[in-house]
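Protein chains in written order, with the numbering used here: chain A, 1 to 435; chain B, 1 to 435.
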């Protein structure tokens, strides 16, 4: 029986047109994060399972990891997220590294989930982290950077909203204000994280179940917090919490720096257990794609799990699947030209004689794809067209003898006899006009 | 107990200085293969196990794959090589694609092996393939391309040798000339593939064991072939084999095209079962690194395993670990500058006032890393130095008021008061002089 040509379920093949788009997107990401002084790192896609046991969410570790035993009996996983890895790497050089440390990576991450719109089993995710800054200027920079990424793709502020919340504040609400026990509070966090996917009745009944044994009215009291659309509509007893003051200060710093589409969202949780303070998400405002595109926060406790001095850290992740959906729905993706500049049609048995001219054009930084088949010219021309290439260089005996080569523009149908220098000039010019 | 900071055994962390080197190398690879008209593709790192069962070598599948069952009961592997994947992807669009089809990829590949010099459990491997050309001009192009890659790094022809052999010829030698049965011939291929790692006595005794039941003198007869250093020293009965004629023709095409360090090596096998015709390897001639750096060949049968029309194919793989070893030992690696152009030292409580100048320099395509700590200037300067950065921009109240900023060159110790435009000009100039 023939083998299947399908990729593994929930994962993507990147044909050249897909890869071109990915390279365009990754190129923009790299360019903006490097403008902010971040340096790229990377690490193996396989990590020991223990790396995820303490601080990644239980749901991810127990139900969604690609975990297995290697041939040497080690429990390993294909990484589901990058934060434990970057914490491990920083901890390994805790003393030698220079702070503030700014690092980024674009790793491939895997989770065993039911594939759905905007969510596959693998994605590439830009991870950006700043280590060694306790002050909220770290949050300010990280959010400004996320904002700059979206602007670099041409996004306008009304296309997205940046939502902020404070884990410290939420912990206070659940623990002190509502008197939930730690296990109840942890469950409630996860429930609130899924709040927008549940209808009100479902949410309330699940919240009631968590609150069994608590004072009557606890869920109503919680809802009066979760329903608050602004600082001013929070219950007065909560308004002076220092977590909120930090959050408000962060918002005003962002405003001053020109990031104005920032809002407070008390229901924002983020799925990971390691966040300790401010958390944030960038939300698509398009009605057909109302979802989080980027998310992150402060996690000051992770590096210390490796037995070194703690390190304040703020970071975010931005996945390629959700980002591409955002760019598509807002029509921000350009038509990308092929990397190949010229298709070379060889007329007659002159391929070896043509090698010199071909090599010369390549040395002038032109990308040439040579038809090696010896078939008829019209077939060669139609193949260039099928490949989506605009220019064909026609080389026959006469061209080689005279040094005048035929350049055909398939878009306009025009042909010209040119020297190699002229061809290089022409193509370089047309390349720039396409940018 | 604290978590370990070590990466998974046999795999690499890429700290920013390592990643910078990798990006330099991959950039060169991409640039040269694209000059030859190849387009980049990619695919998931997880593939179904069945993809490797028929044609990858038995040793790899049974002893070296990272194979496991996913949570849905599918048998999968982390890909050990890319050739089955690219064959699958081409087969899926066999009719739509335009031939000759030129594709490349730089996938991360995994094999469970004992880590040793030049061989880890994972590596990144440039894979270059041309589909749809039956003639040896495909081999010529592929080998010229490999050669161009090495030259682009500054390698000289005496630093490496390109070895060629013909599977068709070897199959004829083992089957017709030595009368080995197919199983014996397959085993002998694998033994010859390891020949250079065995001493003569070991090799002969293992060859004897494979030849049990064959005519007396079979191993001696085989050795008289394997010991031939050139076409002329082969036993006369073999010299007219058509596989050798193709090989000689390929060598002469390469010579004409300026690739002169090509030799015939009758012991060259390549580890994979899918090669059908010419095979080749690029060998490091350095006495301390005498090993294959790149290898490939023609495999005309693989695409048809997916139930579509067969497609002639020639390709090669070039791993980043062996390539980096080659570049290091021949001292071909340049000192690479940091991506960050400027460290910004902020003097006094003026960070928010400085944001405008920082944003302006970023908009001029400069990469700036800002010290967010508010510590003393000398500490900020020493941090820039620790990060290996040459230029520091000093911003205090006075600089912001006057629009004249202090640019300090840590290499020369010189300082100058400049406008933002002048700073951008200065830095851009120094960047170019470093290239």
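Quick reminder that beta carbons are idealized off the backbone N, C-alpha and C, glycines included.
None of these values were measured; they are calculated from a predicted model.
- Rounded to whole angstroms, residue 381 of chain B and residue 345 of chain B show a C-alpha spacing of 7 Å.
- Following the DSSP letters along the chain, one finds residue 171 of chain B inside the alpha helix (DSSP H) bounded by residues 167-172.
- Here residue 382 of chain A carries a helix assignment [DSSP, helix/strand/coil].
- If you look at residue 43 of chain A, you'll find it isn't in any alpha helix (DSSP H); DSSP assigns it neither H nor E.
- Going by beta carbons, residue 243 of chain A and residue 306 of chain A fall outside the 8 Å limit.
- Using a CB distance cut-off of 8 Å, residue 352 of chain A counts as an interface residue toward chain B.
- Annotation: Cβ neighbours of residue 19 of chain A in chain B (cutoff 7 Å, chain order): 40, 41, 42.
- Contact between residue 229 of chain A and residue 270 of chain A fails: their C-beta atoms lie close to 20 Å from each other, not under 8 Å.
- In the DSSP assignment, residue 274 of chain A falls outside any beta strand (DSSP E), carrying neither H nor E.
- By the C-beta density criterion, residue 133 of chain B is buried, having at least 16 other C-beta atoms within 10 angstroms.
- Interface criterion met: the Cβ of residue 387 of chain A is under 8 Å from a Cβ in chain B.
- For residue 262 of chain B, the enclosing beta strand (DSSP E) has its first and last residue at 262-264.
- Residue 325 of chain B sits in a helix when the DSSP states are folded into three classes.
- Look at residue 192 of chain B here: in three-state DSSP terms it is helix.
- Contact residues of the segment 75-98 of chain B toward chain A are 76, 78, 88, 89, 91, 92, 93, 98 (C-beta to C-beta distance below 8 Å).
- Neighbours of residue 371 of chain B in chain A, taken as residues whose beta carbon is under 8 Å from its own, are 100 in chain order.
- Any Cβ of chain B closer than 8 Å to the Cβ of residue 368 of chain A would place that residue at the interface, and such an atom is present.
- Under the DSSP assignment, residue 299 of chain B falls outside any beta strand (DSSP E); it carries neither an H nor an E label.
- Distances from the CA of residue 150 of chain A to each of A:49, A:314, A:322, A:40 were compared; the closest alpha carbon is that of A:322.
- Residue 361 of chain A counts as buried, since at least 16 other C-beta atoms from the protein chains shown sit within 10 angstroms of its C-beta.
- Annotation: residue 28 of chain B to residue 291 of chain B spans about 22 Å, alpha carbon to alpha carbon.
- Here the segment 60-68 of chain A lies against the segment 104-112 of chain A, with 3 or more beta-carbon pairs under 8 Å apart.
- Within chain B, the residues placing a beta-carbon under 9 Å from that of residue 133 of chain A are 372, 373, ordered along the chain.
- One thing to note: residue 14 of chain A has its Cβ within 8 Å of the Cβ of residue 42 of chain B.
- Distances from the CA of residue 203 of chain B to each of B:185, B:153, B:223 were compared; the closest alpha carbon is that of B:223.
- Within the segment 300-330 of chain B, the residues whose Cβ lies closer than 7 Å to some Cβ of chain A are 305, 306, 307, listed in chain order.
- Inclusion of residue 117 of chain B and residue 319 of chain B in the CB contact set at 8 Å is not warranted, their separation being larger than that value.
- Under the DSSP assignment, residue 409 of chain B falls in the beta strand (DSSP E) whose first and last residues are 405-409.
- Legend: CB atoms of the segment 197-210 of chain B lying less than 7 Å from CB atoms of chain A are not found in any residue.
- Two segments are said to touch when three or more pairs of C-beta atoms, one from each, lie closer than 8 Å; by this definition the segment 206-214 of chain A does not touch the segment 248-262 of chain A.
- Judged by DSSP in its simplified three-state form, residue 397 of chain B adopts helix.
- Secondary structure at residue 224 of chain A: helix, using DSSP grouped into helix, strand and coil.
- Legend: CB atoms of the segment 393-411 of chain B lying less than 7 Å from CB atoms of chain A are not found in any residue.
- For residue 163 of chain A, the pairing in a beta bridge is given by DSSP as A:263, A:281.
- Going by beta carbons, residue 340 of chain A and residue 263 of chain A fall outside the 8 Å limit.
- Here the alpha carbons of residue 389 of chain B and residue 367 of chain B stand approximately 11 Å from one another.
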